[in-house]
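Q: Below is a structure I'd like to ask you about.
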Amino acid sequence: MDKIVIHGGKRLKGEVRISGAKNSALPLLFATLLAAGEHHLENVPALRDIATAEKLLTILGADVDRHEATFSIDASNIRSVEAPYDLVRTMRASVLVLGPLLARLGQARVSLPGGCAIGARPINLHLKGLEAMGARIDLDHGYVEARAKRLHGANIYFDVPTVGGTENLLMAASLARGTTVLENAACEPEIVDLATALTCMGARIEGAGTDRIVIEGVDELQPLRHTVMPDRIEAGTFMVAAAMTRGDVRLHGARHADLEALISKLQEAGVEIAEEDHALRVQGPRRIASVDIKTQPHPGFPTDMQAQFMALMSIADGTSVITESVFENRFMHVCELQRLGADISIDGKMAKVRGVKGLLGAPVMATDLRASASLVLAGLAAENTTEVARIYHLDRGYERLEEKFRTLGAHIERKKA
Ligand code: UD1
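In structure tokens, the structure reads:
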């Protein structure tokens, strides 16, 4: 299996372009199931999760044509309504075909995702919402079977704000009869991106980006034509890399408005961040101040940046407390950071990080996407050599990661096994 080898300690300097957002591109790709005709999606990142989504669309009967970052998709002739276990298992976001298939074709059969490295992650709220819209939901041999002649509008309250649940119901409600109100909806920028694209397709949506979204269903939607928003988590990961290496990095395409919680915490830690024309300039401090964070749904601190921020705090002056309140079991990177010399203890949802003077390279491996990113960051700041194994996690969500770090002066390479 491939690994990433990093000779750490280099100051990162230069410019990189932020890719299209994985978490926006995935629901947008599945939104093409809502309408016949040829859809065009630009700025789609080249990632393993995107390849999985492409495979799923093809299995369902869509014609998918990719030219660099542009996808043309024709979903006129859907042959199957089943998202098989093998694909859902490798990518949970496959469950996002449920809403579109049910709304357009009246049925869907989607494997239950099961557990994953960062906790149980159920889809009960997706299902409850679709039931409220008139769907009949049955469980059969590990599959969710959903049927509805035509979905109808409903008032839906989410017990917790769920990104995927909000996206699934947003897509389903766009083609339902009548009005749907989503209360306590997720407010993530990716929801706004999806709602913008759906609106261009003819959907009537108000309130995306707030916790109350109102959708007036329509009978038919037009093909989508949209450019995927920049990846705020990729941008955040590069920001932390600059912070950890006393770097000076310009991130083209990174949007301040999507990153406010992270930016304010980085500034508290002493990092200088300046907004420039379509870019953010990030300069790491001589000494990093320790800062407490608590992950929360947007606009709170993103759980997808928790592991990377912990790597930063592991070399800060003093002690910081990191609280993970979105997912249980999302501290798997801790043991690996400890192998690099970090001083971290965990008590339930809280990690206490006592900053050390420096990290020392070692072989490490990761269990999920953002955990892997935190280990690469730690390796960039560590003395000597760090080898990160199981990098297929990184390939799910970071486009040309080592190449981008190399353009910033890092000594990082992929070694084929
Ligand atoms: C999305 C992101 C993921 C990010 C997460 C939280 C994508 C493809 N993935 O995942 O990168 O870490 O948002 O920002 O966009 N929950 C329930 N029942 C449900 C659904 C969710 O209890 O039916 C709980 C989850 O267990 C979790 C919380 O709600 O504790 C938030 O999960 P959710 O927002 O749904 O995450 P995803 O959409 O899976």
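The working numbering numbers the first residue of the sequence shown as 45 and each following residue consecutively.
By construction, the Cβ of each residue, glycine as well, lies at the ideal position given by its N, Cα and C atoms.
Pick from A351, C379, E380: whose alpha carbon is nearest that of T367?
A: A351
Q: Write down every uninterrupted run of the alpha helix (DSSP H) in the segment 90-149 whose length is 4 residues or greater and which is fully enclosed by it, in chain order.
A: Correct list: 92-104, 129-134, 142-149.
Q: Please list, in chain order, all residues of the same chain as N67 whose beta carbon is under 7 Å from its beta carbon, the five residues on each side excluded.
A: E234
Q: Where does T23 fall in DSSP's three states?
A: Since the displayed the chain opens at 45 and closes at 461, residue 23 lies outside it and no answer follows.
Q: Could you give the first and the last residue of the continuous beta strand (DSSP E) run that contains M409?
A: 407-409
Q: Find the nearest neighbour of M283 within the set I317, E427, R110, A360, judged by alpha-carbon distance.
A: I317
Q: Using CA coordinates, which residue listed in H342, V335, H185 is at the minimum distance from L356?
A: Comparing alpha carbon positions, the residue from H342, V335, H185 closest to L356 is V335.
Q: Short of 8 Å in beta carbon distance, which residues of its chain neighbour G253, apart from the five on each side in sequence? Order them along the chain.
A: C231, P233, I235, V236, A239
Q: If you follow the alpha helix (DSSP H) that Y466 is part of, which residue opens it and which one closes it?
A: Residue 466 is absent from the model: the chain starts at 45 and stops at 461.
Q: Determine the DSSP secondary structure at V204, reduced to helix, strand or coil.
A: coil
Q: On a CA-only basis, which of E227, K193, F202 is nearest R221? Give me that one, please.
A: Taking only the C-alpha atoms, the option nearest R221 is K193.
Q: Sorted by chain position, which residues of the same chain lie with C-beta nearer than 8 Å to E175's C-beta, five sequence neighbours on each side aside?
A: I181
Q: Would you identify the three-state DSSP class for A351, choosing helix, strand or coil?
A: Here A351 sits in helix by DSSP.
Q: So is N212 buried or exposed if we call it buried at 16+ other beta carbons inside 10 Å?
A: So N212 counts as buried.
Q: Tell me whether D391 is buried or exposed, calling it buried when 16 or more other Cβ atoms sit within 10 Å of its Cβ.
A: exposed
Q: Tell me A325's beta-bridge partners as DSSP assigns them.
A: Residue identity check: residue 325 is Arg in the sequence provided, not Ala. Residue pairing from DSSP places R325 in a beta bridge opposite R294, A318.
Q: Can you name the start and end residues of the alpha helix (DSSP H) that E278 belongs to?
A: Residues 276-288.
Q: Tell me which residues share the same chain as L169 and place their Cβ nearer than 6 Å to its Cβ, disregarding the 5 neighbours each side in the sequence.
A: F202, T206, G209
Q: In the structure shown, what three-state DSSP assignment does L340 receive?
A: Before going on, a small fix: residue 340 reads as Gln here, not Leu. Coil.
Q: Check whether the segment 309-329 and the segment 365-381 are in contact - that is, three or more C-beta pairs closer than 8 Å.
A: no
Q: Can you list, in chain order, the residues of its chain whose CB lies under 6 Å from that of H51, leaving out five sequence neighbours each side?
A: T429, H455
Q: I want to check one thing, is the minimum distance from the CB of V132 to the heavy atoms of the ligand UD1 below 6 Å?
A: no
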